[in-house]
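Peer 1: The structure under discussion is supplied below as structure tokens; questions concerning it will follow.
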Amino acid sequence: MKQIVTLLILLFTFQIAVAQNKELQAPRTQETNMVLEGRVLSESGMPIAGVNIEGKMGRYATTDARGTFSLPANMGEEIVIRGLNFETVYYRIRSNDDIEIRVQSENQDQKKRPAIPYQVAMDSAQVFLKKDAQKSADFLIAALSNNPKSLTKNQESAAYKKLGDLYSFHKQYDLAIANYTQAEELNTSLTIIIKKADMLRLNGNYQEAIAAYLGADISSTGRSKKNLSTGGSSTLEIKRLTGLAAAYAKTNDSEKALQTYKQALQLAQTTSLNIQVTSINSKIAALLNEIGQVDKAEAYYNRAIQESKKESRKANVITQSQTADFYRSNSQFDKEIALRKNNIEILDEIKSDEAKAPQKMTKKEGVLNEVVIAEDDIEERGAEAAYEPSSSNGINRLSKQKEQLNIAEALKAQNKIAEAIIFYESSLDEATENNDLGVKKDAAKSLYELNKKAGNTKTALAYNELYINTVDALYLEKEKELEENSRKTKELVSKQTRILTLEKDRELTENKIALINTERELTQQMNQRQRWIIYSLVALSLLLLTLAYFMYRNNKQQKINNHLLALKSLRSQMNPHFIFNALNSVNNYIAQNDERAANKYLADFSKLMRSVLENSELDFIPLEKEIELLGLYLKLEHERFKDKFDFTLKIDPSLKDAKIQVPPMLLQPIIENAVWHGLRYKKEKGFLNVTFAKAEKGILVTITDNGIGREKSKEIKTEHQKKRDSKGLGNIKNRVALLNELHDCKIGMEASDAGLTPDVGTTVVVRMGG
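Following our numbering, the numbering of the sequence shown begins with 888 at its first residue and continues without gaps.
Shown next, in the form of structure tokens:
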């Protein structure tokens, strides 16, 4: 009990800190657009004086002898009506009209509430579990308090288990843990242990969760594994294994997580639980993708899709959306787009079927005017890790407009701007029709950016205004949701306090209860100031820690941004020495009246320059494209210095089909250095050999020339050249350093003499990857 009380104190402290942080972040404006007029009356119609009326931003009023009050307010805000003799009322302002609020005495409410039999109370609590948290808690309290002496331990345990389910559904994991612990003490069962382990995991207590899951092993509890042949037992064991695997994954123990998921998958396949087979395949795929085994992950996602088709269209949409997210994370946009288009077709089919026969459709297939698959549907299939919690405005729900928005993002990533705009507009229209503010905001923002970039100023401004208005509406919606959640949390905590009191009632006599209550009131009065001081200090500490964290994160982000800017600058540079000499070569052809050669050289040079400019915004390009650019560059240099060198460009055949990404034009300055400082000054004709080979990890590029060597090249440099650093090689070193730091590319470069003496050429070896 002491642990539970301590847990509640920590919860109250956290709520105070969140409330103060929210107050600091809220706009500090006292402006209002109306004055709310109203009256507070009792249930019989008598005015109540001295009632506390609280509004936003510290606005306050109290009722007079006639029960009337006036309070500055804004439309959509929530006011709180508090008094000593009635339950607190929360009222949302919907119009400018005067309001009349009738309150009900707590004592009268209790008198009207008849004694409810245990089973009726439990059934009623189940009905209201996901609809009305307060009513569900009230029925559970009634189940525990009505005729407490006649309750068995199993019945008490079932009530506390149901309370745990209530808090679990409303994401009050710490309170759920407390109630599951109480239920377990009264009646130990695998179901309760696994539920408690799930809450420990979701609450971040991963080691405790792992211990609980392992303690719930069928073999360790003395139960026969033969029982797994029944659907209920196997489902419970699968739930235990998947929860254990998720906990292992959270502790970065990927090997154990993967092994446990596969064990759960084998059990699901053996017992023909198709829903679990689909879910576990998706979980395994997500884990494999996280640890970098992309091909295996894709195979598991494909299996999940095939299994989901056996369940329902809803399951198929969820699984295909998860797989599409996987393809997006690996830049496989064509596959992502194909899956999302298929999802849109399925959602349209569901909507069409509902329109034809709405009375025959079930809730699981969607709703008529907008087919969505919300968070609850996703979590029922064990896919909670793939999506964040959804809210009333439709964020992070699977819907047609959401899939259209994802397709537009994928097309945008492929630079298919015209097609992207079409899908953005379709997503915006669908979101507007269904009041999906989250998707509407994202679509409007993207359309604004694309039209602005295209120079469509008027259209861009219209979308920008739509975006701003949507953000404002979304902010108000979120503010209302936070207020609702805050109130719901307070109510649930209040109910939990009442339940703790009931537990005391069963342990103590009525006289002892009265004494404890008296002592508790005295203690609360004596320690009230001390508690507020402690709460304030804790809140201040949390605030300081939060500020320190944000300062650290901003500094870290600024450093990364500076590195990215430097890398972008280096990418966009190309040795002006090469450009100048290439143009001189064109001029030379023109002077010799060799128009055909000049045109051919200029065409190749333009092609190279265009490719360089296209890749200037990219950190990496495919290896085959880099080889193509280097081949074109070598062709141009050889055209200028035919009598100075020949070259070979060798590529390992195993690299032709390899999907390897490399930094663009990283090798060009090395080759240019070999030509201009090694081969150009050689009396006889030299050679240049560029070899691409596959290494154990990554690739190995070797650039070898038989020029005059590094030492002799330094000797014949002019005074001007000696004073000037080589910008090309300097840029390479800077780029390699930044790429290794930002992307962990593990690029290395070594230069050495090609022969036994320093005047017989140079070899440069560049390693990429590994």
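We put the CB at the ideal spot given by N, CA and C, even for glycine.
From glutamine 1444 to glutamine 1094, what distance separates their C-alpha atoms?
Peer 2: Looking up residue 1444 in the sequence shown gives position 557. Looking up residue 1094 in the sequence shown gives position 207. One C-alpha to the other measures close to 32 Å.
Peer 1: What residue range does the beta strand (DSSP E) around leucine 969 cover?
Peer 2: The sequence position of residue 969 within the sequence shown is 82, counting from 1. Inspection of the sequence shows that residue 969 is occupied by arginine rather than by leucine. Here the beta strand (DSSP E) through arginine 969 covers 965–969.
Peer 1: Alpha carbon to alpha carbon, how far is phenylalanine 1467 from serine 1333? Give it in angstroms, no decimals.
Peer 2: The residue you call residue 1333 lines up with position 446 of the sequence shown. The residue you call residue 1467 lines up with position 580 of the sequence shown. Rounded to the nearest angstrom, the two C-alpha atoms are 41 Å apart.
Peer 1: Rounding to the nearest angstrom, what Cα-Cα distance links arginine 1622 and threonine 1591 in this structure?
Peer 2: Taking the first residue of the sequence shown as position 1, residue 1622 is located at position 735. Taking the first residue of the sequence shown as position 1, residue 1591 is located at position 704. Straight-line Cα distance between these residues: approximately 22 Å.
Peer 1: Just checking, does the segment 1486–1494 make contact with the segment 1535–1550 on the three C-beta pairs under 8 Å criterion?
Peer 2: Contact between the segment 1486–1494 and the segment 1535–1550 is absent: fewer than 3 CB-CB pairs across the two stretches fall below 8 Å.
Peer 1: Grab me the residues of serine 1044's own chain with a C-beta within less than 7 Å of its C-beta, minus the 5 sequence neighbours each way, in chain order.
Peer 2: Residue mapping note: residue 1044 aligns to position 157 of the sequence shown, counting from 1. These residues qualify, in order along the chain: Ala1070, Leu1073 and Asn1074.
Peer 1: Quick check: the segment 1007–1020 against the segment 977–991, are there 3 or more CB pairs under 8 Å?
Peer 2: no
Peer 1: How many whole angstroms separate the CB atoms of serine 929 and valine 967, which I take to be in contact at a CB cut-off of 8 Å?
Peer 2: Within the sequence shown, residue 929 is the residue found at index 42, counting from 1. Within the sequence shown, residue 967 is the residue found at index 80, counting from 1. Contact doesn't hold; Cβ gap of about 18 Å is too wide.
Peer 1: Measuring only the C-alpha atoms, how far is arginine 1127 from isoleucine 1081?
Peer 2: Position 240 of the sequence shown, counted from the first residue, corresponds to residue 1127. Position 194 of the sequence shown, counted from the first residue, corresponds to residue 1081. Going by the C-alpha atoms only, they are around 6 Å apart.
Peer 1: For phenylalanine 1507, which three-state DSSP category applies?
Peer 2: For the purposes of this step, residue 1507 is taken as residue 620 along the sequence shown, with counting starting at 1. In the structure shown, phenylalanine 1507 sits in coil (DSSP, three-state: anything other than H, G, I, E or B).
Peer 1: I'd like to know whether the C-beta atoms of aspartate 1329 and leucine 1298 end up nearer to each other than 8 Å.
Peer 2: Position 442 of the sequence shown holds residue 1329. Position 411 of the sequence shown holds residue 1298. No, the Cβ-Cβ distance between aspartate 1329 and leucine 1298 is not below 8 Å.
Peer 1: Where does the unbroken alpha helix (DSSP H) through alanine 1144 begin, and where does it stop?
Peer 2: Numbered from 1 along the sequence shown, position 257 holds the residue referred to as residue 1144. Unbroken alpha helix (DSSP H) run through alanine 1144: 1141–1157.
Peer 1: In the DSSP assignment, what are the bridge partners of phenylalanine 1534?
Peer 2: As a working note, residue 1534 is residue 647 in the sequence shown. BP columns for phenylalanine 1534 point to Leu1575.
Peer 1: When you compare the CB of aspartate 1530 with every CB in chain C, is at least one pair closer than 8 Å?
Peer 2: No chain C is present in this structure, which holds just one protein chain.
Peer 1: Tell me the DSSP secondary structure of phenylalanine 1015 in three-state form.
Peer 2: The residue you call residue 1015 lines up with position 128 of the sequence shown. For phenylalanine 1015, the three-state secondary structure derived from DSSP is coil.
Peer 1: Between isoleucine 1447 and the rest of its own chain, which residues show a CB-CB distance below 8 Å, the 5 nearest in sequence each way excluded?
Peer 2: The residue labelled residue 1447 in the question sits at position 560 within the sequence shown. Taking C-beta separations shorter than 8 Å and ignoring five residues to either side along the sequence, the partners of isoleucine 1447 in its chain run Leu1629, following chain order.
Peer 1: How many whole angstroms separate the CB atoms of alanine 1063 and serine 1076, which I take to be in contact at a CB cut-off of 8 Å?
Peer 2: What you label residue 1063 is simply residue 176 of the sequence shown in a count that begins at 1. What you label residue 1076 is simply residue 189 of the sequence shown in a count that begins at 1. Actually they do not touch by this definition, with Cβ atoms about 16 Å apart.
Peer 1: For leucine 1516 versus serine 1498, is the C-beta spacing smaller than 8 Å?
Peer 2: As a first step, residue 1516 is located in the sequence shown; it is residue number 629 there, counting from the start. As a first step, residue 1498 is located in the sequence shown; it is residue number 611 there, counting from the start. Yes, the pair counts as a contact, with Cβ atoms nearer than the cut-off.
Peer 1: Per DSSP, what kind of secondary structure is lysine 1546 in: helix, strand or coil?
Peer 2: Position 659 of the sequence shown, counted from the start, is the residue given in the question as residue 1546. DSSP places lysine 1546 in coil when its eight states are reduced to three.
Peer 1: Should glycine 1561 be labelled buried (16 or more other beta-carbon atoms within 10 Å of its own) or exposed?
Peer 2: Numbered from 1 along the sequence shown, position 674 holds the residue referred to as residue 1561. The sequence given here places alanine at residue 1561; glycine does not occur at that position. By the neighbour-count rule (16 or more Cβ atoms within 10 Å), alanine 1561 is buried.
Peer 1: Where glycine 1179 and asparagine 1092 are concerned, what is the direct C-alpha to C-alpha distance, given to the nearest angstrom?
Peer 2: Indexing the sequence shown from 1 puts residue 1179 at position 292. Indexing the sequence shown from 1 puts residue 1092 at position 205. Taking the straight line from one Cα to the other gives about 26 Å.
Peer 1: Consult DSSP for asparagine 939 and reduce its assignment to one of helix, strand or coil.
Peer 2: Your numbering for residue 939 matches position 52 in the sequence shown. Note: asparagine 939 maps to strand in three-state DSSP.
Peer 1: Assuming contact is defined by CB atoms lying nearer than 8 Å, are leucine 1174 and alanine 1136 in contact in what I supplied?
Peer 2: In the sequence shown, counting from the first residue as 1, residue 1174 sits at position 287. In the sequence shown, counting from the first residue as 1, residue 1136 sits at position 249. In terms of Cβ geometry, leucine 1174 and alanine 1136 form a close pair [threshold 8 Å].
Peer 1: Select from Ser957, Leu1505 and Ala1172 the residue whose C-alpha is nearest the C-alpha of arginine 1190.
Peer 2: Position 303 of the sequence shown, counted from the first residue, corresponds to residue 1190. Closest option to arginine 1190, Cα to Cα, is Ala1172.
Peer 1: In terms of residues, what are the limits of the alpha helix (DSSP H) holding alanine 1220?
Peer 2: Counting from 1 along the sequence shown, the entry for residue 1220 is found at position 333. With the sequence shown as reference, residue 1220 is identified as phenylalanine, and alanine is not the correct amino acid for it. Here the alpha helix (DSSP H) through phenylalanine 1220 covers 1220–1243.
Peer 1: Does the beta-carbon of asparagine 1356 have 16 or more other beta-carbons within 10 angstroms, so that it is buried, or is it exposed?
Peer 2: By 1-based counting over the sequence shown, the position of residue 1356 is 469. Classification of asparagine 1356: exposed, given that the 10 Å Cβ count is below 16.
Peer 1: Apart from the five residues just before and just after tyrosine 1350, which ones in its own chain have a Cβ nearer than 7 Å to its Cβ?
Peer 2: Indexing the sequence shown from 1 puts residue 1350 at position 463. Within the same chain, and ignoring the five residues on either side of tyrosine 1350 in sequence, the residues whose Cβ sits closer than 7 Å to its Cβ are Ala1331, Leu1334, Tyr1335 and Asn1338.
Peer 1: Would you mind working out which of His1525, Ile1538 and Asp1533 sits nearest lysine 1512, comparing C-alpha positions?
Peer 2: Within the sequence shown, residue 1512 is the residue found at index 625, counting from 1. When each option's Cα is compared against that of lysine 1512, the closest is Ile1538.
Peer 1: Spatial neighbours of phenylalanine 1310 within its chain, please: C-beta separation below 6 Å, excluding the five flanking residues on both sides.
Peer 2: As a first step, residue 1310 must be located in the sequence shown, where it is residue number 423. Closer than 6 Å at Cβ, skipping near neighbours: Gln1291, Ile1294 and Ala1295.
Peer 1: Applying the criterion that 16 or more other CB atoms from any shown protein chain within 10 Å of the CB defines a buried residue, is glycine 1596 buried or exposed?
Peer 2: Your numbering for residue 1596 matches position 709 in the sequence shown. The residue is buried, with at least 16 neighbouring Cβ atoms inside 10 Å.
Peer 1: How many angstroms separate the CA atom of tyrosine 1214 from the CA atom of leucine 1145?
Peer 2: Against the sequence shown, residue 1214 aligns to sequence position 327. Against the sequence shown, residue 1145 aligns to sequence position 258. In a straight line, the C-alpha of tyrosine 1214 is about 21 Å away from that of leucine 1145.
Peer 1: Please identify the residue among Lys1018, Gln1006, Val927 and Leu1432 whose C-alpha is closest to the C-alpha of threonine 975.
Peer 2: Here residue 975 refers to the residue found at position 88 when the sequence shown is read from its first residue. Closest option to threonine 975, Cα to Cα, is Val927.
Peer 1: Apart from the five residues on each side of it in sequence, which residues of its chain come closer than 8 Å, Cβ to Cβ, to threonine 1319?
Peer 2: Working through the sequence shown from its first residue, we reach residue 1319 at position 432. Lys1327.
Peer 1: Using a Cβ-Cβ cutoff of less than 7 Å, which residues in the same chain neighbour threonine 1249 once the five nearest sequence positions on both sides are dropped?
Peer 2: Looking up residue 1249 in the sequence shown gives position 362. Any reading at threonine 1249 is ruled out, since the residue's pLDDT is 45, under 50, leaving its predicted position unreliable.
Peer 1: Going by other Cβ atoms of all chains shown within 10 Å of its Cβ, with 16 needed for buried, is methionine 933 buried or exposed?
Peer 2: Here residue 933 is taken as the residue at index 46 of the sequence shown, counted from 1. Under this definition methionine 933 is an exposed residue.
Peer 1: According to the neighbour-count rule (16 or more other Cβ atoms, all chains shown, within 10 Å of its Cβ), is alanine 1426 buried or exposed?
Peer 2: As a working note, residue 1426 is residue 539 in the sequence shown. Label assigned to alanine 1426: buried.
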